[in-house]
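Q: The opening residue of the sequence shown carries number 712 in this note's numbering; numbering runs sequentially from there.
Have a look at this one.
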Amino acid sequence: MHGEILQNIPKLEVLNLADNRIPYLPYNLFKFQTMLKQIIIGGNLLEDMSFQISHMQNLSHLDLSKNRFSSLNSTARGQLETIIKSNPNLTVNLNDNPLIRSCDTIHFIKWMSQTKIEFTKLQGYKCKLYNGNTELLKEPKRVYEILEKKSSSYTDLIVVLSIFVIFFVLILICGLVYRHRWTLRFMYYMTKNKYQNSSRKKSDNEEYEYDAFISYQEEDAVCVHNHLLSNLEEDAKLKLCIHKRDFQPGKDIAANITSGIQNSRNVVAVLSQTHLDSYWCLFEYNMAHMESIYSRDCENMFILVSLLDLSSLNLPFYVFLKKYISSRTLSILMIR
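Right under this line is the structure:
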């Protein structure tokens, strides 16, 4: 069916297509009908008002009864409002349609309570709710208020659940970030150093720039210089990475540490009370730990030089360190 079917009867005033089991009417079906006063299409299988009628200024009755309308969408409502401006006597019959509560239905019922269009047999209109209950639409305004209240309760529930889910996801993300914080930092500085060409991955038979990276606190500098530097650099002819001497000026401390560790074959940690209390001590240890895991196939690269009795410590870092020591074979030198 299309507009050409009715183009030769432009003065048609009454059109009855009732009880024909029509599932759909094309948009331009009534393109040439400007004189229509009544359209009777009840008893069909229509689910929406897909056809154009807004140009019918003489239309006084539209029978949509006994179809499958769950509501009238905003386009259909707009067409009817256009007609009623020129014909205030417009009536619409929506009786025996399965009006179902949905977001669009709520707007539809609100429109029913406000429009000047007369709905015939209004006492027979029913709206089926999600819970299976049925509301009569003989008082559209009252039904709209009921549906709006129920919809608001669902909206509140959805908002609360959404906030809870978002909060849970944020907590989960924060927990994962905190748990893998050292891995993320290592990856960040490794990538940063890579793009700055300050470090590169070594092959198995390739020499490192340094034989060892020395991790120590400034308070232990005398011990480091008097013992380590003299024994390792002067006597053993090893090249060490010392932060006061070998760090690149103007470069971020964390990036210098990561670069130094990546370019050193081993890490020598001079453990003291001040060293264990230092943030940078923890940072250096964890960066070396990540370097061992992700870049050197879990190669043992630690040499610990202790200036105190480790068993006497009661520190979170010591618990972490002790756990690592128990899982590795490390070289530990005790200096008293």
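Quick reminder that beta carbons are idealized off the backbone N, C-alpha and C, glycines included.
Are the C-beta atoms of Leu-783 and some chain B residue less than 7 Å apart?
A: As a matter of chain content, chain B is missing from the structure shown, which is built from one protein chain.
Q: Please report the straight-line C-alpha distance between Thr-845 and His-766, rounded to a whole angstrom.
A: Locating residue 845 in the sequence shown gives position 134, where the first residue counts as 1. Locating residue 766 in the sequence shown gives position 55, where the first residue counts as 1. So the two alpha carbons sit approximately 35 Å from each other.
Q: Is the CB-CB distance between Gln-763 and Val-725 below 7 Å?
A: Position 52 of the sequence shown holds residue 763. Position 14 of the sequence shown holds residue 725. Their beta carbons are not under 7 Å apart, which means Gln-763 does not touch Val-725 by this criterion.
Q: Which full runs of the beta strand (DSSP E) of 3+ residues lie inside the region 906-993, going along the chain?
A: For the region 906-993, whole beta strand (DSSP E) runs of length 3 or above, ordered along the chain, are 921-926, 975-982.
Q: State yes or no: is the C-beta of Leu-982 nearer than 6 Å to some heavy atom of the ligand SAH?
A: In terms of ligand content, the structure shown is empty, and the ligand SAH therefore cannot be addressed.
Q: Give me the Cα-Cα distance between Asp-759 and Phe-875, rounded to the nearest whole angstrom.
A: Translated into the one-based positions of the sequence shown, residue 759 becomes position 48. Translated into the one-based positions of the sequence shown, residue 875 becomes position 164. Looking at the two C-alpha atoms, the distance is approximately 38 Å.
Q: Taking a contact to mean a Cβ-Cβ separation below 7 Å, would you say Met-1012 touches Thr-894 in this structure?
A: Translated into positions along the sequence shown, residue 1012 becomes position 301. Translated into positions along the sequence shown, residue 894 becomes position 183. No, the pair does not count as a contact, with Cβ atoms beyond the cut-off.
Q: Is Leu-982 near Ser-1017, with beta carbons less than 7 Å apart?
A: Position 271 of the sequence shown, counted from the first residue, corresponds to residue 982. Position 306 of the sequence shown, counted from the first residue, corresponds to residue 1017. Contact flag set, yes.
Q: Less than 7 Å between C-beta atoms, sequence neighbours within five positions excluded: which residues of the same chain meet that for Cys-1009?
A: Position 298 of the sequence shown, counted from the start, is the residue given in the question as residue 1009. Only Ser-1003 meet the Cβ criterion.
Q: Taking Cβ positions, are Val-979 and Ala-923 nearer each other than 7 Å?
A: In the sequence shown, the residue the question calls residue 979 occupies position 268. In the sequence shown, the residue the question calls residue 923 occupies position 212. Against a cut-off of 7 Å, the Cβ pair of Ala-923 and Val-979 comes out as a contact.
Q: Since I believe Ser-975 is in contact with Cys-952 (beta carbons under 8 Å), could you give me their beta-carbon distance rounded to a whole number of angstroms?
A: The residue given as residue 952 occupies position 241 in the sequence shown. The residue given as residue 975 occupies position 264 in the sequence shown. Sure, about 5 Å apart at Cβ, within 8 Å.
Q: How is the beta strand (DSSP E) around Ser-1017 delimited, first residue to last?
A: By one-based count along the sequence shown, residue 1017 stands at place 306. Segment 1013-1017, the beta strand (DSSP E) holding Ser-1017.
Q: So, with DSSP's three-state summary, where would you put Leu-801?
A: Here the question's residue 801 lines up with position 90 in the sequence shown. In this structure, Leu-801 counts as coil in the three-state DSSP scheme.
Q: On the DSSP letters alone, give me the boundaries of the beta strand (DSSP E) that Asp-774 sits inside.
A: On the sequence shown, position 63 is the one that residue 774 refers to. Note, Asp-774: beta strand (DSSP E), 772-774.
Q: May I ask you to list the residues that DSSP assigns as paired with Ile-751?
A: On the sequence shown, position 40 is the one that residue 751 refers to. Ile-751 is bridged to Asn-727, Asp-774.
Q: Quick check on Asn-727: buried or exposed, where buried means 16 or more other Cβ atoms within 10 Å of its Cβ?
A: In the sequence shown, counting from the first residue as 1, residue 727 sits at position 16. Its Cβ having fewer than 16 others within 10 Å, Asn-727 is exposed.
Q: Roughly how many angstroms lie between the CA atoms of Met-746 and Arg-853, to the nearest whole one?
A: Taking the first residue of the sequence shown as 1, we reach residue 746 at position 35. Taking the first residue of the sequence shown as 1, we reach residue 853 at position 142. Cα to Cα, Met-746 sits roughly 36 Å from Arg-853.
Q: May I ask you to report which of helix, strand or coil DSSP gives Val-870?
A: To locate residue 870, count along the sequence shown from 1; it is residue 159. Note: Val-870 maps to helix in three-state DSSP.
Q: Taking all protein chains shown into account, decide if Thr-816 is buried (16 or more other Cβ within 10 angstroms of its Cβ) or exposed.
A: Position 105 of the sequence shown, counting from 1, holds the residue named residue 816. When all chains shown are included, Thr-816 counts as buried.
Q: To which residues does DSSP link Leu-810 through a beta bridge?
A: Residue numbering aside, residue 810 sits at position 99 when the sequence shown is read from its first letter. Its beta-bridge partners are Cys-838.
Q: From Gly-694 to Leu-723, what does the alpha carbon distance come to, in whole angstroms?
A: The question about residue 694 has no answer here: the residues shown for the chain are numbered 712 through 1047.
Q: Using the beta-carbon count (16 or more within 10 Å), is Thr-786 buried or exposed?
A: Here residue 786 corresponds to residue number 75 of the sequence shown, with the count starting at 1. So Thr-786 ends up on the exposed side.
Q: Applying the 10 Å Cβ sphere with the 16-neighbour rule, what's the burial state of Ile-820?
A: Taking the first residue of the sequence shown as position 1, residue 820 is located at position 109. It is buried - the Cβ of Ile-820 has at least 16 other Cβ atoms within 10 Å.
Q: Buried or exposed: Glu-945, going by 16 or more other Cβ atoms within 10 Å of its Cβ?
A: Position 234 of the sequence shown holds residue 945. It is exposed - the Cβ of Glu-945 has fewer than 16 other Cβ atoms within 10 Å.
Q: Cα-Cα, which of Ile-882, Asn-739, Asn-731, Pro-734 is closest to Leu-717?
A: For this step, residue 717 is matched to residue 6 along the sequence shown. The shortest C-alpha separation from Leu-717 is found at Asn-739.
Q: Taking only the alpha-carbon atoms, compute the straight-line gap between Ser-909 and Phe-879 and give it to the nearest angstrom.
A: The residue given as residue 909 occupies position 198 in the sequence shown. The residue given as residue 879 occupies position 168 in the sequence shown. Note that Ser-909 scores 47 on pLDDT, short of 50, meaning its location in the model is unreliable; the coordinates nonetheless yield the value given after this. Their backbone Cα atoms lie some 40 Å apart in a straight line.
Q: What number of angstroms, rounded off, separates the C-alpha of Ser-914 from the C-alpha of Val-871?
A: As a first step, residue 914 is located in the sequence shown; it is residue number 203 there, counting from the start. As a first step, residue 871 is located in the sequence shown; it is residue number 160 there, counting from the start. Low confidence applies to Ser-914: its pLDDT is 48, below 50, so where it sits in the model is not reliable, and the reading given next is rough at best. C-alpha separation (whole angstroms): 55 Å.
Q: Among Glu-930, Gln-959, Met-901, Glu-829, which residue has its Cα nearest to the Cα of Gln-984?
A: Against the sequence shown, residue 984 aligns to sequence position 273. Taking only the C-alpha atoms, the option nearest Gln-984 is Glu-930.
Q: Are there 16 or more other CB atoms within 10 angstroms of the CB of Ile-877, so buried, or fewer, so exposed?
A: Working through the sequence shown from its first residue, we reach residue 877 at position 166. So Ile-877 counts as exposed.
Q: What does the Cβ neighbour count give for Gln-768, buried or exposed, with the cut at 16 atoms within 10 Å?
A: By 1-based counting over the sequence shown, the position of residue 768 is 57. Label assigned to Gln-768: exposed.
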